[in-house]
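From first to last, the protein sequence lines stand for chains A and B. The first sequence begins at 1 in the working numbering and counts up one residue at a time. The second sequence begins at 1 in the working numbering and counts up one residue at a time. For every residue, glycine included, the Cβ atom is placed at its ideal position computed from N, Cα and C.
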Amino acid sequence: MSAPCASRLGDAHGYLDRVIRELRVLQSPQKDTLVGVLQYLSDHIRLMREEIGALRPGRGAQLFSSTTDELEEIVTETARAANRIMDAAEAIETVAATAEPAAAAALTEAVTNIYEASSFQDITGQRIAKVVRALQSLEEKLGSLIGAVVPPGGEATPAEEPKGDAARLNGPQLETIANSQTDIDALFASLE
Amino acid sequence: MNKSMRVFIVDDYTTMLRILRNLLRQLDLTNVEEANDGDTAYHMMLKSPPDLIISDWNMAPVTGLELLRKVRGDAKLRHIPFIMVTAESKTENVIAAKQAGVSNYIVKPFNAETLRAKIASVFAPA
C-alpha cells in the first residue's frame, strides 16, 4: 500500500473509531443506533485492510511466478513429448520405405496423421502463452491494489491496450468462434 | 510443382518446423531451410533467396506479418510466393496479410492435404 493512501485510509479509520468512542460516552438514548452503524462500518474497514494486507506482494508474486513456471513447464514437456512422437514416426517412415507398396502406403498415411496431430504442441503452447500473459497482467493489477487502495470515488488506471500490429496478435481462437480453413479460403478468394 | 525448389520455413516453435519439414518431405520437397524468427529468416533469405516462403505469424521480435512486409518491400525477394501458416484466424488478420501481399493463408492446425493444395495453388498459372 502506498504511504499516502495507507495513511489516508488509516487516518479515516482512526477518526471513525474516535467518533465511536466519543459517542459511546454520551448519555443520549438515540446514540445506540448510530454507534451500531458506525461500528459496523469500522469492522468492515478493518476486515478489508486485513484481507488486502494478507495479499502481501511477496506471497502474491511467489504464487504467480510459480504458476507461470508450471505453465511454461507444460510447454517444455509437450514439446519433448511431441519430439519423441515424431522420432518414432520418422523411424516408422524409414521402415515404410522398405515395405511392400500397400503396407508402405498405409504406414505413410498413418505417419502423416501423426505429423498433423503433433501440431497440438504449437497450438497448446500458444494458448498457454496467452494464459501466462493474462496471469502477468493480473499480477500487475493485484500489485497495484495491494500498493494503493483506491480512494472512494477514485478510478484505477485502465491497462494500456495494444495498438497497430500488436493488436492483431490474438493467438489461437476458441473453436466456436474461429474461422475455419474453409472460411479463410472464402475470405481470401473474396479479397482477390 | 518443382520438386527441387528451395523452401524456407519460419516458426518459433521447433516442433512446428519439424512437422513442416516432415510434411514437405512427404511432398518430395526436401530442399528446405528454416529459421526460428522473422529477422533471422530475412537475413538468411537475402543471402540466398528461396523459391517459396512458409511462415508463422506470431513470432518475436519480427513477426510473420513484418517479415512479409520486408519481403514484399525488397526487390530481391518480393516475387517469392509467401504462405502464412498461423493460428491467427481472425478476419482482420487475413485481410491484413492479404493487404501486405501474402500469397495464401493456412490456419493451424492444418493437414498435409491443405499444405499440398496451398503450395500447388501459389505456383498454379494465374
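Contact belief for B/E34 with B/L17 at Cβ below 8 Å, rounded distance in angstroms: Looking up residue 34 of chain B in the second sequence gives position 34. Looking up residue 17 of chain B in the second sequence gives position 17. Confirmed, Cβ separation roughly 5 Å.
Pull the bridge partners of B/E34 from the DSSP assignment, please. If you number the second sequence from 1, residue 34 of chain B lands on position 34. B/I9.
Short-range partners of chain A found in the stretch 84-95 of chain B, where Cβ spacing is below 8 Å: So the close ones are A87, E88, S89, K90, T91, E92, N93, V94, I95.
Using DSSP with H/G/I as helix, E/B as strand and the rest coil, what is B/F110? Within the second sequence, numbered from 1, the residue matching residue 110 of chain B stands at position 110. Looking at B/F110 - three-state DSSP - the assignment turns out to be coil, as it is neither helix nor strand.
Under 8 Å (Cβ pairs) to chain C, residues found in the stretch 120-138 of chain A: Protein chains in the displayed structure are A and B, and chain C is not among them.
Under the three-state reduction of DSSP, which class applies to B/L52: helix, strand or coil? Numbered from its first residue, the second sequence carries residue 52 of chain B at position 52. It is a strand residue.
Check each candidate in B/S89, B/D74, B/D37, B/A60 and name the one with the smallest Cα separation from B/G101. Reading the second sequence from its first residue, position 101 is the one you call residue 101 of chain B. Of the listed residues, the one whose Cα sits closest to B/G101 is B/D74.
Buried or exposed for A/Y15, going by 16 or more other Cβ atoms inside 10 Å? Within the first sequence, numbered from 1, the residue matching residue 15 of chain A stands at position 15. Here A/Y15 is exposed: its Cβ has fewer than 16 other Cβ atoms, across all protein chains shown, within 10 Å.
Apart from the five residues just before and just after B/I83, which ones in its own chain have a Cβ nearer than 8 Å to its Cβ? The residue given as residue 83 of chain B occupies position 83 in the second sequence. Excluding positions up to five away in sequence, the list reads L52, I53, I54, S55, V102, S103, N104, Y105, I106, K118, I119, V122.
Nearest-angstrom Cα distance between B/K108 and A/E72? As a working mapping, residue 108 of chain B is identified with position 108 in the second sequence. As a working mapping, residue 72 of chain A is identified with position 72 in the first sequence. Distance between B/K108 and A/E72, taken at the CA atoms: about 21 Å.
Kindly indicate which three-state DSSP category B/T86 falls into: helix, strand or coil? Numbered from 1 along the second sequence, position 86 holds the residue referred to as residue 86 of chain B. DSSP, read as helix, strand or coil, puts B/T86 in strand.
Residues that B/Y127 contacts on chain A, provided the C-beta gap is smaller than 7 Å: Here chain B comprises residues numbered 1 to 126, so residue 127 of chain B is not present and cannot be evaluated.
Enumerate in chain order the residues of its own chain whose CB-to-CB distance from A/N170 is below 7 Å, with the five nearest sequence positions on each side excluded. As a working note, residue 170 of chain A is residue 170 in the first sequence. None.
Beta-carbon proximity list for B/I80, same chain, < 6 Å, skipping 5 on both sides: Position 80 of the second sequence, counted from the start, is the residue given in the question as residue 80 of chain B. Here the set comprises I53.
Checking the sheet assignment: what are the DSSP bridge partners for B/N104? The residue labelled residue 104 of chain B in the question sits at position 104 within the second sequence. B/I83.
In its own chain, which residues sit with a C-beta less than 6 Å from the C-beta of B/A87, not counting the 5 before and 5 after it? Counting from 1 along the second sequence, the entry for residue 87 of chain B is found at position 87. Same-chain partners within the cutoff: K108.
To the nearest whole angstrom, what separates the beta carbons of B/Y13 and A/Q173, a pair I think is in contact under 8 Å? Stepping through the second sequence from its first residue, residue 13 of chain B is reached at position 13. Stepping through the first sequence from its first residue, residue 173 of chain A is reached at position 173. For a cut-off of 8 Å, the C-beta gap from B/Y13 to A/Q173 is around 18 Å, too long to register as a contact.
Euclidean distance between Cα positions of A/T78 and A/S119: For the purposes of this step, residue 78 of chain A is taken as residue 78 along the first sequence, with counting starting at 1. For the purposes of this step, residue 119 of chain A is taken as residue 119 along the first sequence, with counting starting at 1. Roughly 10 Å between the two C-alpha positions.
Output yes or no for whether 8 Å exceeds the beta carbon distance between B/T40 and A/N179. Position 40 of the second sequence, counted from the first residue, corresponds to residue 40 of chain B. Position 179 of the first sequence, counted from the first residue, corresponds to residue 179 of chain A. At least 8 Å separates the beta-carbon of B/T40 from that of A/N179.
What is the residue span of the alpha helix (DSSP H) that B/K70 lies within? Sequence index remark: in the second sequence, residue 70 of chain B carries index 70 (1-based). Segment 64-72, the alpha helix (DSSP H) holding B/K70.
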